[in-house]
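The block underneath contains the structure these notes are about, expressed in structure tokens.
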Amino acid sequence: MMAVRRDGDPLASAAPFVALVACTLLTGGGCRRESAQPPESRDVRLLPGREPQRTVEPRRFAIPNPGECAPLRTVSIRLTGRLEVVQKFGPPGFGETPKKDARLNIVLLHLTTPLDVCAATFADVSQPAVHALRVIQLSVVDPETAKRQLGVVDAYGWLDSGSGSNDFTKIVLRVDSMPAIRAGPPRTNSTIS
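According to our numbering, the stretch in the sequence shown is residues 180 to 372, in order.
As structure tokens, then:
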């Protein structure tokens, strides 16, 4: 529908646009159209480089306390411990046919504090409670990178039942971050003599 001004002239409302197009064609683009809004009513937050500062809220996670059980799949959790890479037999026989089985390197976290895991039932798995868990497998952590990491580390992620074909512990931590590994190995100052 075409906008019609009160005086009945349908082209009068198109005049500013026509003038801008004509100016652009004649001068090669050196025309500027002023906004009809007064400067104080413009929302300058949408302009490049002038976006308001946003504060990023830290991710919420649970740190299990001794004697309390940690839930499966429902909350992000932080576990602390020492990394170890071990080799296990993989498919096709998972140790029944060692000459044919693949060798898998898995990453384990030896916990500094024993972990109790709550019983849980989901559509795909039913997991009984696990008490005093001392070692947990970490998924999605590169074994070669983990071999270079010394000392105690924090691992963030969510707990899941060790029900996959490459899961070798009852409970697995599906890792979403490990700050010590992301930061790389600690740097040392060295001098050339």
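Virtual Cβ for every residue (Gly too), placed ideally from N, Cα, C.
Residues sharing a beta bridge with residue i, DSSP
i              : result
isoleucine 242 : Answer by DSSP bridge pairing: none, since isoleucine 242 is not bridged.
glutamine 266  : Asn284
threonine 276  : Threonine 276 pairs with nothing; no bridge assigned.
arginine 252   : Partner(s): none; arginine 252 has no beta bridge.
threonine 259  : Asp333
Same chain, Cβ closer than 8 Å to residue i, neighbours up to 5 away in sequence not counted
i             : result
arginine 185  : Bear in mind that the predicted position of arginine 185 carries a pLDDT of just 48, short of 50, making it unreliable; the figure below should be weighed with that in mind. Hits under 8 Å: none found.
aspartate 280 : Phe268, Gly269, Pro270, Pro271, Gly272, Phe273 and Gly274
proline 243   : Ala249, Ile256, Leu258, Thr292, Leu294 and Asp295
threonine 276 : none
Nonlocal neighbours in the same chain, by C-beta distance under 7 Å from residue i, ignoring five residues either side
i                 : result
aspartate 355     : Tyr335 and Gly336
valine 296        : Cys248, Ala249, Leu251, Ala308, Val309, Leu312, Leu338 and Ile350
serine 220        : With a pLDDT of only 48 at serine 220, under the threshold of 50, the placement of this residue in the model should not be trusted; the figure read from the coordinates follows. The answer is none, since no qualifying residue turns up.
valine 346        : In the sequence as displayed, the identity of residue 346 is aspartate instead of valine. Hits under 7 Å: Gln316.
threonine 348     : Val314, Ile315, Gln316 and Gly341
alanine 298       : Gln306, Pro307 and Ala308
leucine 225       : Since pLDDT at leucine 225 reaches only 47, below the 50 mark, its modelled position is unreliable, and the value read off the structure follows with that caveat. Around leucine 225: no qualifying Cβ.
phenylalanine 240 : Ser255, Ile256, Arg257 and Tyr335
For residue i, the nearest candidate out of the options (CA to CA)
i              : options                           : result
leucine 251    : Thr300, Met357 and Gly330         : Thr300
proline 293    : Phe268, Lys278, Ile350 and Asp346 : Ile350
isoleucine 285 : Pro307, Ile315, Thr259 and Pro277 : Ile315
histidine 289  : Ser340, Val265, Thr253 and Val254 : Val265
alanine 137    : Asp346, Ser340 and Phe347         : This structure gives no information on residue 137, because the portion of the chain shown stretches from 180 to 372.
arginine 353   : Thr276, Pro245 and Thr253         : Thr253
Sequence-distant residues of its chain with Cβ nearer than 6 Å to residue i (five each side left out)
i           : result
leucine 283 : Lys267 and Gly269
leucine 329 : none
alanine 325 : Leu262, Val264 and Val286
glycine 260 : Leu288, His289, Leu290 and Thr291
Residue i and residue j closer than 7 Å at C-beta
i          : j           : result
valine 304 : serine 344  : no
valine 332 : leucine 262 : yes
Task: 4-residue-minimum alpha helix (DSSP H) runs that sit fully inside the segment 294-344, ordered along the chain - done: Listed in chain order, the complete alpha helix (DSSP H) runs (minimum 4 residues) inside the segment 294-344 are 322-326.
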